[in-house]
Amino acid sequence: MKRSTIDIWVGVFVAAGFVGLLFLALRVGNLTFSTSQTYQVQAKFANIGGLKKRAAIKSAGVVVGRVSDIHFDNESYEAIVTFNLDSQFKFPRDTSAKILTSGLLG
Amino acid sequence: MAELFGRLGTMVTRRVWQLGYAARFFAYVLMHSGTALRRFGLTIREMYFAGVMSLVIILVSGLFVGMVLGLQGYETLQRYGSSEALGILVALSLVRELGPVVSGLLFASRAGSAITAEIGLMKATEQLAAMEMMAVDPIARVVAPRFWAGVLSMPLLAALFSAMGIFGGYLVGVQLIGVDEGAFWSQMQASVDWRQDVLNGVIKSIVFGIAVTWIAVFEGYDATPTAEGVSGATTRTVVTSSLAILALDFVLTALMFTGGNAR
Numbered sequence: 005m006k007r008s009t010i011d012i013w014v015g016v017f018v019a020a021g022f023v024g025l026l027f028l029a030l031r032v033g034n035l036t037f038s039t040s041q042t043y044q045v046q047a048k049f050a051n052i053g054g055l056k057k058r059a060a061i062k063s064a065g066v067v068v069g070r071v072s073d074i075h076f077d078n079e080s081y082e083a084i085v086t087f088n089l090d091s092q093f094k095f096p097r098d099t100s101a102k103i104l105t106s107g108l109l110g
Numbered sequence: 023m024a025e026l027f028g029r030l031g032t033m034v035t036r037r038v039w040q041l042g043y044a045a046r047f048f049a050y051v052l053m054h055s056g057t058a059l060r061r062f063g064l065t066i067r068e069m070y071f072a073g074v075m076s077l078v079i080i081l082v083s084g085l086f087v088g089m090v091l092g093l094q095g096y097e098t099l100q101r102y103g104s105s106e107a108l109g110i111l112v113a114l115s116l117v118r119e120l121g122p123v124v125s126g127l128l129f130a131s132r133a134g135s136a137i138t139a140e141i142g143l144m145k146a147t148e149q150l151a152a153m154e155m156m157a158v159d160p161i162a163r164v165v166a167p168r169f170w171a172g173v174l175s176m177p178l179l180a181a182l183f184s185a186m187g188i189f190g191g192y193l194v195g196v197q198l199i200g201v202d203e204g205a206f207w208s209q210m211q212a213s214v215d216w217r218q219d220v221l222n223g224v225i226k227s228i229v230f231g232i233a234v235t236w237i238a239v240f241e242g243y244d245a246t247p248t249a250e251g252v253s254g255a256t257t258r259t260v261v262t263s264s265l266a267i268l269a270l271d272f273v274l275t276a277l278m279f280t281g282g283n284a285r
């Protein structure tokens, strides 16, 4: 087989591979270059149940942010959950947070 | 009894000796990859044989694995009334585990064995010795291009496998069974994380690519220069690299996917 034919096929292969990667990243992994600003809020909970990092924060059912950190406070013996909220959403000072389950696989 | 221990000792020493030789060989290949990267045409030629020729088997198996995942996943999920989660199941199992592992196994048996047989046969017919005679370093000219071609091809093949698999799951789940299309994609996008899942899968496939091609070129270079020796080396390549992939996969999964989710 001639060299140039090989080059074309390898080029097609590499291009297809990158298209596959891009498909995984954009369509499957939903990679977004989000430039949206966030602000951090902390909340104390007596029991966080099964809350995990990256869990969605919802207000009236709409996702407004994600949990960024969970740790245990050794002075008040409570869990401190830090979450990043999208800065386009403003909440009043007396907003409270609840931990809810979202179904079998949520 | 003493003879038995003696034989056991010889076997262990030989294995350790071979491991050391393989590590030294790996370092030597890395140090002499200058030619493979400068005369990139050599590597591209090998990428044709390792990557392009593996495309058909990778794409077809990816499609079927995804279709089976779609069928089996639906059977289980619909019992709990959550068949919309089919997208998550198919995408996560492919991107995290099946994509890199199965395409690695296929790559080992399709391309790894061919690399070993080729290098082993070159050694048996004294082509490598002839090259050395002409002051051409066979590692730089023969081994390094094949090594880099394998390392570069493997992540691309794994990505194509996963993409094909997700397409297969979509075909069976959405087109055949009738899971809601919007739910299939949006649930998938909501729970597959770009860095945590996709990037870790790519890292896995790069590691598998290095392991498989390293084993393949080493077994070929180390083969006893007879017809029997070459066939033995080819078998050893497939067996060793398959075991290496599965063992490495366990280690990588333990490192990647337990740290964040454990708490």
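The listed protein sequences derive, respectively, from chains U and H. Residue 39 in the working numbering sits at position 35 of the first sequence; the count goes up by one each step and never skips. Residue 154 in the working numbering sits at position 132 of the second sequence; the count goes up by one each step and never skips. Don't be surprised by glycine CBs; every beta carbon is placed ideally from N, CA and C.
How close, in whole Å, do the beta carbons of Gln44 of chain U and Thr86 of chain U come, if the pair is a contact with beta carbons under 8 angstroms? Looking up residue 44 of chain U in the first sequence gives position 40. Looking up residue 86 of chain U in the first sequence gives position 82. Contact flag correct, Cβ pair sits at about 6 angstroms.
Let me make sure I understand the geometry here. Which of H:Glu97, H:Gly84, H:Gly109 has the alpha-carbon closest to that of Gly4 of chain U? Since the first residue of chain U shown is 5 and the last is 110, residue 4 of chain U is not available in this structure.
Three Cβ pairs or more, each shorter than 8 angstroms: is that satisfied between the region 235-248 of chain H and the region 44-59 of chain U? no
Could you please give me the residues that DSSP links to Phe49 of chain U through a beta bridge? Taking the first sequence and counting its residues from 1, one reaches residue 49 of chain U at position 45. Phe49 of chain U pairs with U:Ala83.
Is the Cβ of Ser184 of chain H closer than 8 angstroms to any Cβ of chain U? Numbered from 1 along the second sequence, position 162 holds the residue referred to as residue 184 of chain H. Ser184 of chain H counts as touching chain U.
Verify the CB distance criterion: does Ile10 of chain U have a CB-CB separation below 8 angstroms to chain H? As a working mapping, residue 10 of chain U is identified with position 6 in the first sequence. Output row for Ile10 of chain U: interface = yes.
Within 8 angstroms (strictly less), CB to CB, does Met210 of chain H reach chain U? The residue given as residue 210 of chain H occupies position 188 in the second sequence. Yes, Met210 of chain H lies at the interface with chain U (some Cβ there is under 8 angstroms from its Cβ).
With distances taken from CA atoms, which of H:Asp219, H:Ile228, H:Met210, H:Ile267 is nearest Arg31 of chain U? Residue numbering aside, residue 31 of chain U sits at position 27 when the first sequence is read from its first letter. For the residues H:Asp219, H:Ile228, H:Met210, H:Ile267, the minimum Cα distance to Arg31 of chain U belongs to H:Met210.
Assign Ser100 of chain U to one of three DSSP states: helix, strand, or coil. Numbered from its first residue, the first sequence carries residue 100 of chain U at position 96. Coil.
For Ala284 of chain H, which three-state DSSP category applies? Reading the second sequence from its first residue, position 262 is the one you call residue 284 of chain H. Caution applies to Ala284 of chain H, whose pLDDT of 41 falls short of 50 and renders its modelled position unreliable; the model cannot decide the point.
I want to verify the contact list: residues of chain U whose CB lies under 9 angstroms from the CB of Ala205 of chain H, in sequence order. Counting from 1 along the second sequence, the entry for residue 205 of chain H is found at position 183. Correct list: empty, because the minimum Cβ distance to chain U is about 12 angstroms.
Going along chain A, which residues have a C-beta under 9 angstroms from Arg101 of chain H? No chain A appears in this structure, whose protein chains are U and H.
Rounded to whole angstroms, what is the Cα-Cα separation between Leu274 of chain H and Ser115 of chain H? Here the question's residue 274 of chain H lines up with position 252 in the second sequence. Here the question's residue 115 of chain H lines up with position 93 in the second sequence. If I take the Cα positions, the gap works out to 15 angstroms.
Thinking C-beta only, is Val51 of chain H closer than 8 angstroms to Ser83 of chain H? Mapped onto the second sequence, residue 83 of chain H falls at position 61. Mapped onto the second sequence, residue 51 of chain H falls at position 29. The answer is no: Cβ separation not under 8 angstroms.
Thr262 of chain H (DSSP reduced to helix, strand or coil): Along the second sequence, one-based indexing puts residue 262 of chain H at 240. Helix, per DSSP.
Any alpha helix (DSSP H) of 4 or more consecutive residues that is wholly inside the region 94-138 of chain H: 108-114, 121-129
For the region 197-216 of chain H against the region 238-255 of chain H, do three or more pairs of beta-carbon atoms, one drawn from each stretch, fall closer than 8 angstroms, so that the two count as touching? no
For Trp216 of chain H, decide whether its Cβ has a neighbour in chain U, counting only Cβ atoms nearer than 8 angstroms. The residue labelled residue 216 of chain H in the question sits at position 194 within the second sequence. Closer than 8 angstroms to some Cβ of chain U, the Cβ of Trp216 of chain H qualifies, so yes.
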